[in-house]
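Encoded as structure tokens, the structure appears first; notes follow it.
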Amino acid sequence: MSDLSTRRVLTTEAPWVRATLIGIALAFIALFLVLPLAAVFTEALRKGLDAYIAALKEPEAGSAIRLTLVTAAIAVPLNLIFGVAAAWAIAKYEFRGKAFLTTLIDLPFSVSPVVAGLIYVLMFGSQGWLGPWLAAHDMKIIFAVPGIVLATVFVTFPFIARELIPLMQAQGNDEEQAAIVLGANGWQTFWRVTLPNIKWGLIYGVILCNARAMGEFGAVSVVSGHIRGQTNTMPLHVEILYNEYQSVAAFAVASLLALLALVTLVIKSVVEWRHEREMKAVAELPPERPQILKEAL
Amino acid sequence: MAATASLGVPMPGAAGHAPAGGSRKVLPGFNLTLGYTMLYLSLIVLIPLSALVFKSFTLGWPAFWAAISSPRVVASYRLTFGASFIAALVNAVFGLLVAWVLVRYRFPGKKIVDALVDLPFALPTAVAGISLTALLAGNGWIGQYLEPLGIKLAFNPNGVVIALIFIGLPFVVRTVQPVLEDNELELEEAAMCLGATRWQTFTKVIFPAIAPALLTGFAMAFARAIGEYGSVIFIAGNVPMVSEITPLVIIGKLEQYDYAGATAVAVVMLALSFTLLLVINALQAWQRQRSGAQ
């Protein structure tokens with residue numbers, strides 16, 4: 020540790036270079052991230068607080084907020100259960116085709132949201148595979164709430180699994196095996212051993228999944244049909260208001276989504292810091308394990 | 234070394250083989266979890282995606298080719314690719330810079346900047362779209378000063394590039410940052426001791442170590458930009474042949490009930506995203522190999 024100060028001198032740049040690089044980076048961040056964020060709130064409050072609140076009290080805004088909350092409340096738990104199951108299967112066992120399975124789980128990330136919406140239209144739309152059958156049974160998926168939920172589930176599909184798989188792989192199986200040997204059954208092992216170990220990764224994944232679920236635009240736009248008061252989520256409502264030149268109202272609803280993004284970032288940072296601190300605490304503990312590691316090294 | 238010890242567990246690779254044979258006998262839940270994973274994956278992702286591919290087969294080759302090669306669609310490919318490439322390139326340069334500054338230097342507000350980098354992940358794309366438009370339109374905060382100078386950044390391809398820069402920024406920062414953090418200072422010290430200048434040390438020692446991560450981040454930002462819709466349509470102006478992106482072409486065809494045409498263009502995009510996904514996977518494997526070899 021004592022040579023840290025000499026290291027600093029050797030492996031850093033001249034002060035003016037440092038200052039310039041920091042300056043350019045901060046200017047870039049200010050221009051591309053801070054300014055757009057500030058613009059949302061400024062535009063929303065352009066005509067004063069009363070106009071802002073009035074815009075949010077509109078019944079159509081209210082129904083858009085409700086639909087967004089309902090959609091996220093269905094999509095996030097579905098992907099949470101899937102994420103935990105997939106991470107358990109992939110991280111705890113060896114089987115053939117595991118790498119390919121992981122790639123397939125990532126697939127929704129790289130599919131364009133518009134294509135994601137289109138595939139459900141081709142499945143369930145009036146021209147689609149199941150369209151005639153659905154129509155005969157008086158069921159509606161496309162241009163209705165189930166389609167919005169499905170499209171949202173698709174675009175947020177990998178979020179939680181992606182967080183959990185590397186985390187559970189890094190933790191290994193030892194603790195679970197110890198629990199089993201001591202007589203716990205599978206569920207007990209999961210609830211008492213695995214879940215406490217992965218809780219930060221889980222919260223992290225859920226937070227990001229939720230932000231995307233509430234904010235998804237492209238995929239939902241394709242399947243929604245934009246029926247006001249019925250199939251409009253908040254982002255779609257923003258679009259409609261904006262295209263009708265109701266700028267203040269559009270930015271008012273947008274400001275709620277921006278607040279959601281800020282809250283997401285705050286929770287995410289807190290989770291990261293706590294996780295880091297726990298990792299450090301674990302690293303500083305002097306149990307038997309580091310001994311084994313040292314020998315291995 | 235330090236990274237391995239701080240994990241407190243053996244490397245995942247080491248955990249994989251030797252204990253796995255035993256663990257399958259001991260740990261329950263393999264059939265349940267893998268079965269559920271496959272079922273859910275099939276229902277939500279695989280079956281709907283194959284519906285798209287099968288639908289395109291029913292078109293027949295001439296109709297398929299006509300749909301994906303009409304001048305308006307080709308113009309949209311050119312814009313989508315070109316703008317995504319430029320945006321990913323800008324992100325590679327500035328993302329590397331931001332990651333470097335966040336890892337190597339101390340300055341006030343660093344934690345806030347670090348948290349803010351993820352804003353494009355968290356902010357809904359439609360919000361980003363209208364906000365960037367409000368800034369850059371002729372009467373906007375920034376646009377009002379640039380317009381008299383003859384610089385137009387909204388309602389043309391420039392706007393598309395700017396929206397895509399916003400969307401792709403976190404990818405490069407978040408892939409390069411951990412690699413820079415793990416980079417061992419001993420190597421840099423050795424280079425300095427051997428008489429290298431700081432710039433030589435960067436280009437010959439540091440840059441080769443982070444190059445795979447940088448390329449991965451670039452590919453991720455590019456892949457995301459290709460499919461992006463929400464943030465772009467507000468600022469693009471959406472003039473056919475000039476500022477119409479490919480996802481919007483699909484929407485346009487759908488609105489005219491041209492399901493066949495929409496499907497054909499969507500299959501092209503799907504094939505492209507799958508290819509990019511495989512490229513990114515290969516890049517990540519390369520990166521792991523690199524960091525494992527050190």
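As they're listed, the protein sequences go chains R and A.
Each number in my numbering corresponds to the 1-based position in the first sequence with 19 added.
Each number in my numbering corresponds to the 1-based position in the second sequence with 233 added.
Ideal Cβ placement from N, Cα and C applies to all residues, glycine included.
These numbers come from a predicted model, not from an experiment.
Given this structure, state the Cα-to-Cα distance separating residue i from residue j, to the nearest angstrom.
i	j	result
R293 (chain R)	I217 (chain R)	13 Å
T25 (chain R)	Y338 (chain A)	Any answer about T25 (chain R) is weak, because its pLDDT of 49 lies below 50 and its placement is not dependable; what the coordinates show is given next. Whole-angstrom Cα-Cα distance: 16 Å.
F297 (chain A)	G494 (chain A)	7 Å
E488 (chain A)	A135 (chain R)	16 Å
F290 (chain A)	S524 (chain A)	44 Å
L265 (chain A)	L274 (chain A)	14 Å
K287 (chain R)	V225 (chain R)	10 Å
T270 (chain A)	F263 (chain A)	10 Å
N98 (chain R)	Q188 (chain R)	19 Å
K66 (chain R)	F435 (chain A)	51 Å
L183 (chain R)	G220 (chain R)	6 Å
K299 (chain R)	L186 (chain R)	16 Å
G541 (chain A)	A359 (chain A)	The structure shown has nothing for residue 541 (chain A), since chain A only spans 234 to 527.
L356 (chain A)	C426 (chain A)	46 Å
I280 (chain A)	V465 (chain A)	29 Å
F327 (chain A)	A44 (chain R)	7 Å
A105 (chain R)	K111 (chain R)	10 Å
L141 (chain R)	Y378 (chain A)	46 Å
P381 (chain A)	A370 (chain A)	12 Å
Where does residue i sit, in a helix, a strand or coil, going by DSSP?
i	result
V472 (chain A)	coil
D69 (chain R)	helix
P341 (chain A)	coil
T266 (chain A)	helix
I160 (chain R)	coil
T252 (chain R)	coil
V346 (chain A)	helix
H294 (chain R)	helix
D491 (chain A)	coil
S16 (chain R)	Not covered by the structure: residue 16 (chain R). The range shown for chain R is 20 to 316.
P177 (chain R)	coil
G244 (chain R)	coil
I286 (chain R)	helix
A203 (chain R)	coil
T208 (chain R)	helix
S302 (chain A)	coil
F47 (chain R)	helix
N216 (chain R)	helix
P243 (chain A)	Low per-residue confidence applies at P243 (chain A): pLDDT is 37, beneath 50, and the placement is therefore not dependable, though the value from the model is reported in the following sentence. Here P243 (chain A) sits in coil by DSSP.
N514 (chain A)	helix
A33 (chain R)	coil
G191 (chain R)	coil
R257 (chain A)	With a pLDDT of only 44 at R257 (chain A), under 50, the local geometry of the prediction cannot be trusted, and no value is derived from it.
E461 (chain A)	coil
T291 (chain A)	coil
I184 (chain R)	helix
I478 (chain A)	coil
L278 (chain R)	helix
Excluding the five sequence neighbours on either side, which residues of its own chain have a C-beta within less than 8 Å of the C-beta of residue i, listed in chain order?
i	result
S243 (chain R)	F162, G166, I167, T250, N251, T252 and L255
G373 (chain A)	T366, A367 and A387
V59 (chain R)	F270, A273, S274 and A277
A429 (chain A)	K437 and V438
E77 (chain R)	A268
R581 (chain A)	No information on residue 581 (chain A) is available, as it lies outside the stretch 234 to 527 that chain A covers here.
CB-CB under 6 Å to residue i, same chain, minus the five flanking residues each way: which ones, in chain order?
i	result
G237 (chain R)	P132 and V133
F388 (chain A)	G470
I93 (chain R)	V168
I483 (chain A)	A495, V498 and A499
L260 (chain R)	A268 and A269
A446 (chain A)	T408, V409, V412 and Q520
L86 (chain R)	T252
In its own chain, which residues sit with a C-beta less than 7 Å from the C-beta of residue i, not counting the 5 before and 5 after it?
i	result
F51 (chain R)	none
L420 (chain A)	V438
S266 (chain R)	E62
P403 (chain A)	V350, D351, P353 and F354
G234 (chain R)	P254 and L276
I124 (chain R)	A105, P177 and A180
For chain C, find out if any of its Cβ atoms is closer than 7 Å to the Cβ of residue i; answer yes or no.
i	result
F314 (chain A)	Absent from the structure: chain C. Protein chains present are R and A.
Report whether the distance from the Cβ of residue i to the nearest heavy atom of the ligand MG is below 6 Å.
i	result
L183 (chain R)	With respect to the ligand MG, the structure offers nothing, as it holds no ligand at all.
**Request:** Any chance you could list the alpha helix (DSSP H) runs of at least 4 consecutive residues sitting entirely within the segment 67-155 of chain R, in chain order?
**Result:** 67-76, 78-111, 117-129, 132-143 and 150-155
**Prompt:** Fully enclosed by the segment 321-399 of chain A, which alpha helix (DSSP H) runs are 4 residues long or longer?
**Reply:** The alpha helix (DSSP H) runs lying completely inside the segment 321-399 of chain A and spanning 4 residues or more are 343-349, 352-355, 358-369 and 376-379, given in chain order.
**Message:** If we require 4 or more residues per run, which alpha helix (DSSP H) segments fall completely within the segment 413-441 of chain A?
**Reply:** 418-426 and 431-434
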